[in-house]
Amino acid sequence: MSDTSRRPRKPGKPYRRPKKDPVRLLAFEALRAVDERDAYANLVLPPLLRKAREKGDFDGRDAALATELVYGTLRRQGTYDAVIAACVDRPLREVDPPVLDVLSLGVHQLLGTRIPSHAAVSASVELARVVLGDGRAKFVNAVLRKVAQDDLDGWIERVAPPYDEDPEDHLAVVHSHPRWVVSALWDSLGGGRDGIERLLEADNERPEVTLVARPGRATTEELLGEEATVAGRWSPYAVRLAEGGEPGAIEAVREGRAGVQDEGSQLVAIALANAPLDGRDERWLDGCAGPGGKAALLAALAAERGASLLASEKQPHRAGLVAKALEGNPGPYQVIAADGTRPAWRAGSFDRVLVDVPCTGLGALRRRPEARWRRRPEDLEGFAPLQRGLLRAAIDSVRVGGVVGYATCSPHLAETRAVVEDVLKQRGDGELIDARGLLPGVPELGEGPDVQLWPHLHGTDAMYLALIRRVG
């Protein structure tokens, strides 16, 4: 065997071991999990950050930078893909996904942050050397140097078609949404360039963290006594965390007396709880209760009136999350694992019923930016039978004179009004209640009787709510 250690080195620069940057390594690891495992960043990132803190690799600023790199890259993926495509000599589908992730992280640092260009390029090339090897690092270096020759506005002028020629494709590239999503959101808004641009911009902003003070267990005054909190906008139970606030640092959250819940979700539960009823008001049902946020608020509101809540969730592990969220509720409740389309209870058993149905999630793209790239128009067809089946079962489950709330975190008309109109037309035993009056102080709720909330108008997820009274 030859002794390779004694071979003379080739002339040239001596080999330098690449420097490991823990922040960018973690961001790359999170993006790979999102790409390879169809994971969600909001589930992948927290344990990675926690592990890095425990190892002593991270401080607060490092965690903030890693979070910005991951979410910023995912939100702007469509725009960055168009820029990268203009700088490589092959279709993007032929670029290895790990290479594309390193490039996207680099492009975000160049075009979406205040990191100096030379630092963004050198840090990305070092990351490439660590995770891809020297050969592909040279490719990364060459591409990012091309990207660094212009700013974001300049690149958008180059890669986005003019608005007058193709409005939807222009908006898709500029605001980093798939074209079909742009089209669907535009239809839901009812036209007009200003509204759709404001909505798409809002989808790309970091959402606030909102807390809910669960009635009978915590108060907004208690939460507002904590640092980094301000009052909610619309819900009487909402408190917003200022940027950098940590929910786990608040005692009421740690104890389960308060929770993290978007204000739109709170408004849905509150509107159902306050809808006028004919007759008794003793038994409430959450027919799609997982993971438990709305169920916890409904159970607390029911307890204040001496009513009980049955929380039903089809998936046993999600039913477990519901049980955890409701633990400590001051009034009676029960959690079961059951299919909401095949009720495990007698028809007409409840006075109030909520079904927050599974959907495409297009109303929560601020929180789950990767969802916009995973969803396809054909997904709507997959959800349609389930959504209609759940609403039909919910109306079956409520007594005559009782109220059903149909909710979904999607503004797509195929998941909102089309579902409600189809079911009511088929049945003939339900009438819509004007939900707008049950959201006092909330502006721009449209013509009714249903309600569509919007990130750019209300600062909430794009929650939809229709309230239906059973009449026969």
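Read in order, the letters of the sequence shown correspond to residues 441 to 912 in the numbering used here.
All residues carry an ideal CB built from backbone N, CA and C; glycine is no exception.
All figures in this text were calculated on a predicted structure; none of them were measured in a lab.
**Request:** Taking VAL859 as the reference, give the member of ALA522, GLY730, LEU905 with the closest Cα.
**Result:** Start at 1 with the first residue of the sequence shown, and residue 859 comes out as number 419. Ranking ALA522, GLY730, LEU905 by Cα distance to VAL859 puts LEU905 first.
**Prompt:** Relative to the alpha-carbon of VAL708, which residue among TYR846, SER850, VAL539 has its alpha-carbon at the smallest distance?
**Reply:** Within the sequence shown, the letter at position 268 stands for residue 708. Among TYR846, SER850, VAL539, the Cα nearest to that of VAL708 belongs to TYR846.
**Item:** Proximity of VAL838 and LEU907 at Cβ, strictly below 9 Å
**Value:** What you label residue 838 is simply residue 398 of the sequence shown in a count that begins at 1. What you label residue 907 is simply residue 467 of the sequence shown in a count that begins at 1. No, the Cβ-Cβ distance between VAL838 and LEU907 is not below 9 Å.
**Prompt:** With burial defined as no fewer than 16 other Cβ atoms inside 10 Å of the residue's Cβ, what is the status of ALA577: buried or exposed?
**Reply:** Counting from 1 along the sequence shown, the entry for residue 577 is found at position 137. It counts as buried.
**Request:** Count the C-beta pairs between the stretch 892 to 900 and the stretch 638 to 653 that are closer than 8 Å, then say yes if the count reaches three, no if not.
**Result:** Yes, since at least three Cβ pairs between the stretch 892 to 900 and the stretch 638 to 653 fall closer than 8 Å, the two stretches touch.
**Message:** Just to confirm the assignment: which complete alpha helix (DSSP H) runs, minimum length 4, are found wholly within the stretch 518 to 567?
**Reply:** 537 to 551
**Request:** Under 8 Å by Cβ, that's how I've got PRO772 and GLY656 pegged, so tell me the actual separation to the nearest angstrom.
**Result:** Here residue 772 refers to the residue found at position 332 of the sequence shown. Here residue 656 refers to the residue found at position 216 of the sequence shown. In fact, because the Cβ distance is near 13 Å, the residues do not count as touching under 8 Å.
**Item:** DSSP-derived helix/strand/coil call for VAL622
**Value:** To locate residue 622, count along the sequence shown from 1; it is residue 182. In the structure shown, VAL622 sits in a helix (DSSP, three-state: H, G or I).
**Message:** Helix, strand or coil, according to DSSP, for ARG657 in the structure here?
**Reply:** Numbered from 1 along the sequence shown, position 217 holds the residue referred to as residue 657. ARG657: coil per DSSP, three-state reduction.
**Prompt:** Taking buried to mean at least 16 other C-beta atoms within 10 Å of its own C-beta, is GLN517 buried or exposed?
**Reply:** Sequence index remark: in the sequence shown, residue 517 carries index 77 (1-based). Buried.
**Prompt:** Is CYS728 near VAL795, with beta carbons less than 9 Å apart?
**Reply:** Here residue 728 refers to the residue found at position 288 when the sequence shown is read from its first residue. Here residue 795 refers to the residue found at position 355 when the sequence shown is read from its first residue. A contact, by the Cβ cut-off of 9 Å.
**Item:** For SER752 and ASP726, believed in contact at Cβ under 8 Å, the rounded distance
**Value:** Along the sequence shown, read from residue 1 onward, the residue named residue 726 stands at position 286. Along the sequence shown, read from residue 1 onward, the residue named residue 752 stands at position 312. Indeed, because the Cβ distance is near 7 Å, the residues count as touching under 8 Å.
**Item:** Coarse secondary structure for ARG806, derived from DSSP in three states
**Value:** In the sequence shown, residue 806 corresponds to position 366, counting from 1. Here ARG806 sits in coil by DSSP.
**Request:** Please classify SER748: does DSSP put it in a helix, a strand, or coil?
**Result:** Taking the first residue of the sequence shown as position 1, residue 748 is located at position 308. It is a strand residue.
**Message:** Is the beta carbon of PRO687 closer than 9 Å to that of VAL649?
**Reply:** Within the sequence shown, residue 649 is the residue found at index 209, counting from 1. Within the sequence shown, residue 687 is the residue found at index 247, counting from 1. Yes, Cβ-Cβ distance for VAL649 and PRO687 is below 9 Å.
**Message:** Are the CB atoms of PHE498 and LEU489 within a distance shorter than 9 Å?
**Reply:** Sequence index remark: in the sequence shown, residue 489 carries index 49 (1-based). Sequence index remark: in the sequence shown, residue 498 carries index 58 (1-based). It is a contact, given that the beta carbons lie within the stated cut-off.
**Message:** Under 8 Å, with one C-beta from each stretch per pair, do the stretch 777 to 797 and the stretch 745 to 760 reach the 3-pair mark?
**Reply:** Enough Cβ pairs lie closer than 8 Å, so yes.
**Item:** Cutoff 6 Å; reference GLY719; Cβ partners in own chain excluding five residues on either side
**Value:** Sequence index remark: in the sequence shown, residue 719 carries index 279 (1-based). Excluding residues within five positions, the ones whose Cβ falls inside 6 Å are GLY841.
**Item:** C-beta atoms of ARG619 and GLU608 nearer than 9 Å
**Value:** Against the sequence shown, residue 619 aligns to sequence position 179. Against the sequence shown, residue 608 aligns to sequence position 168. Yes; because the gap between Cβ atoms is below 9 Å, this pair is in contact.
**Message:** Rounded to whole angstroms, what is the Cα-Cα separation between PRO448 and GLY573?
**Reply:** Here residue 448 is taken as the residue at index 8 of the sequence shown, counted from 1. Here residue 573 is taken as the residue at index 133 of the sequence shown, counted from 1. Because PRO448 sits at a pLDDT of 46, beneath the cut-off of 50, its placement in the model cannot be relied upon, and the following sentence gives the value as read from the coordinates. Approximately 22 Å, taken between the alpha carbons.
**Message:** Assuming GLU871 is part of the beta strand (DSSP E), what are its boundary residues?
**Reply:** On the sequence shown, residue 871 is found 431 positions in, with the first residue counted as 1. It spans 870 to 873 - the beta strand (DSSP E) in which GLU871 sits, taken as one unbroken run.
**Prompt:** Which term fits LEU663, buried or exposed, when burial requires 16 or more other beta carbons within 10 angstroms of its beta carbon?
**Reply:** By 1-based counting over the sequence shown, the position of residue 663 is 223. Buried, since its Cβ has 16 or more Cβ neighbours within 10 Å.
**Request:** With a floor of 4 residues, list each alpha helix (DSSP H) that falls wholly inside the stretch 845 to 906, ordered by position along the chain.
**Result:** For the stretch 845 to 906, whole alpha helix (DSSP H) runs of length 4 or above, ordered along the chain, are 857 to 867, 895 to 898.
**Request:** Just mark LYS495 as buried or exposed, buried being the case when its beta carbon has 16 or more other beta carbons within 10 Å.
**Result:** Residue mapping note: residue 495 aligns to position 55 of the sequence shown, counting from 1. Looking at its Cβ environment, which holds fewer than 16 other Cβ atoms inside 10 Å, LYS495 is exposed.
**Prompt:** From GLU767 to GLY575, what does the alpha carbon distance come to, in whole angstroms?
**Reply:** The residue you call residue 767 lines up with position 327 of the sequence shown. The residue you call residue 575 lines up with position 135 of the sequence shown. Approximately 55 Å, taken between the alpha carbons.
**Prompt:** Between the beta-carbon of PRO731 and the beta-carbon of LEU761, is there less than 9 Å?
**Reply:** Working through the sequence shown from its first residue, we reach residue 731 at position 291. Working through the sequence shown from its first residue, we reach residue 761 at position 321. By the CB criterion at 9 Å, PRO731 and LEU761 fall inside the cutoff.
**Message:** Considering Cα atoms alone, identify which of PHE579, CYS527, GLU810 is closest to ASP478.
**Reply:** Residue 478 sits at position 38 when you count from the first residue of the sequence shown. Closest by alpha carbon: GLU810.
**Message:** Under 8 Å, with one C-beta from each stretch per pair, do the stretch 664 to 683 and the stretch 694 to 708 reach the 3-pair mark?
**Reply:** yes
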